[in-house]
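Per the working numbering, the very first residue in the sequence shown carries number 37; after that it's consecutive.
C-beta atoms are modelled at their ideal positions from N, C-alpha and C, and glycine is treated no differently.
A short worksheet on the structure shown next.
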Amino acid sequence: MKKWKLADVKESKATGNFEALFTIDNEDNGRSYVLYTDNSISEEGYVNVYASFFDAEKGTEELYPLETEEEWKMMEDILAEVEKGMEEGMEEEEMDESDFTKVD
37 MKKWKLADVK
47 ESKATGNFEA
57 LFTIDNEDNG
67 RSYVLYTDNS
77 ISEEGYVNVY
87 ASFFDAEKGT
97 EELYPLETEE
107 EWKMMEDILA
117 EVEKGMEEGM
127 EEEEMDESDF
137 TKVD
């Protein structure tokens, strides 16, 4: 099973093709977020996962870096929930889909 690690895309200087994992709409702050990966492996053996926010209303593809510790914590919590569900053998349909949406 893959283990994921949330990484800062600016610090890692990751470039190239990325695969979107989930999009999240936060009603509290009105932002839309995306968790994505380039499937690279960290030194610790984790798959690197990156997080950004975007303006869903404008429909642009421009991504912006997370700005607050609260945003980082929210993304870490979502990633932990997904990983926990995978460890417990839960199917995607059993997870709380109100928290995030799978991107196909």
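Item: Three-state secondary structure assigned by DSSP to residue 116; Value: helix
Item: Where residue 139 falls: helix, strand or coil (DSSP); Value: Unreliable placement is indicated for residue 139, whose pLDDT of 48 sits below 50; the coordinate value is still reported in the next sentence. The answer is coil: DSSP assigns residue 139 none of H, G, I, E or B.
Item: Neighbour-count burial assignment, residue 86, 16 or more Cβ in a 10 Å radius; Value: buried
Item: Of the listed residues 119, 97 and 82, nearest to residue 88 (C-alpha basis); Value: 97
Item: C-beta contact flag for residue 108 and residue 99 at 8 Å; Value: no
Item: Alpha carbon of residue 104 to alpha carbon of residue 112, nearest angstrom; Value: 13 Å
Item: Residues bridged to residue 71 (per DSSP); Value: 58 and 87
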